[in-house]
Every structure is written in structure tokens, then in C-alpha cells.
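Visitor: Questions regarding the structure given below will be posed in turn.
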Amino acid sequence: MPIWSEIIESESMFMPLWPVKWILFLDYKISVKIILLGFLISSILSMIFWNKSRLLRGLSFLTIFLYLSFISSFGKIDHYLHLMTLTNFFLIFLPSDINTEKNKIS
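At position 52 of the sequence shown the residue is numbered 84 (the numbering used here), and the sequence of numbers has no breaks.
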């Protein structure tokens, strides 16, 4: 995992990938904090309510995707998080309530 104090200081080496091009239009330090806080908040909410809301699972995927895009925008793609991101994408489509899905089938 990257050292965040170094990432905040290395704005000159930032070459954004397409999902994080929006950072160029905002203040760099604020954008980094938005990504980090979004990642933290969505991870905590998803951990608590993962089976209640498909929207939260989608938000969790989006923040992980932005996080991975951001840390890969410094010239080196980090492949160790791709499987986690792909798995998180597939988890969006799990049914919210197993009992509701059983009733629909019957």
C-alpha cells in the first residue's frame, strides 16, 4: 500500500488514468482526501450493511475502483488489487435478501 503523505507530495508525478481525470480540475490534495474518505466511509458502511443494500455495494465498488485508478496513476499499474476489484463488482449483483429471492422462485 502506498504511503499517503508521499502521494500527496508527489503531485508532479501524477499521470491520471481515465477514471480519475476529474482530479485535474480540482485541487489535488482535496481530491486525494475525497478518494480516501470515500473509500473509508463506503468500506465501513458496506461492512456493516453489505446484505441490505445493492446501492452500498455499488458505492463500495466505485470507491475501490477510484482508489485503484488513483494509485495506478503514478506510472505503475498495481495488479494485486485487480482481483479484489473484480470480485467487488460481482458482489453488487448478489440478491439483497435470500428469502425474498426464494419467494419469487416459488
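We put the CB at the ideal spot given by N, CA and C, even for glycine. Since we're looking at a predicted model, the values are computed, not measured.
Between the C-alpha atoms of P48 and L56, what's the straight-line distance to the nearest angstrom?
Guide: Walking along the sequence shown from the start, residue 48 turns up at place 16. Walking along the sequence shown from the start, residue 56 turns up at place 24. Computed Cα separation, rounded: 8 Å.
Visitor: Rounded to whole angstroms, what's the CA-CA distance from I73 to I103? Just pull it up for me.
Guide: By one-based count along the sequence shown, residue 73 stands at place 41. By one-based count along the sequence shown, residue 103 stands at place 71. About 18 Å.
Visitor: Applying the 10 Å Cβ sphere with the 16-neighbour rule, what's the burial state of T95?
Guide: Your numbering for residue 95 matches position 63 in the sequence shown. Buried, since its Cβ has 16 or more Cβ neighbours within 10 Å.
Visitor: Please state the DSSP three-state secondary structure of I73.
Guide: As a working note, residue 73 is residue 41 in the sequence shown. Of the three classes helix, strand and coil, the one that applies to I73 here is helix, per DSSP.
Visitor: Excluding the 5 residues preceding and the 5 following F71 in the sequence, name in chain order all residues of the same chain whose CB lies nearer than 6 Å to its CB.
Guide: For this step, residue 71 is matched to residue 39 along the sequence shown. Closer than 6 Å at the Cβ level, and outside the excluded window around F71, lie T95 and Y99.
Visitor: Where do the N-terminal and C-terminal ends of the alpha helix (DSSP H) with G90 fall, by residue?
Guide: Taking the sequence shown and counting its residues from 1, one reaches residue 90 at position 58. It spans R86 to I103 - the alpha helix (DSSP H) in which G90 sits, taken as one unbroken run.
Visitor: Does DSSP classify K108 as helix, strand or coil?
Guide: Counting from one through the sequence shown, the residue named residue 108 turns up at place 76. Coil at K108, not helix or strand.
Visitor: Roughly how many angstroms separate the alpha carbons of I66 and Y60, rounded to a whole number?
Guide: On the sequence shown, position 34 is the one that residue 66 refers to. On the sequence shown, position 28 is the one that residue 60 refers to. Going by the C-alpha atoms only, they are around 10 Å apart.
Visitor: In whole angstroms, what is the alpha-carbon distance linking E41 and P127?
Guide: Taking the first residue of the sequence shown as 1, we reach residue 41 at position 9. Taking the first residue of the sequence shown as 1, we reach residue 127 at position 95. Cα-Cα distance, rounded: 42 Å.
Visitor: Quick one: what's got a C-beta closer than 7 Å to G90's C-beta in the same chain, skipping five residues either side?
Guide: For the purposes of this step, residue 90 is identified with residue 58 of the sequence shown, where counting begins at 1. Within the same chain, G90 has close Cβ partners I124.
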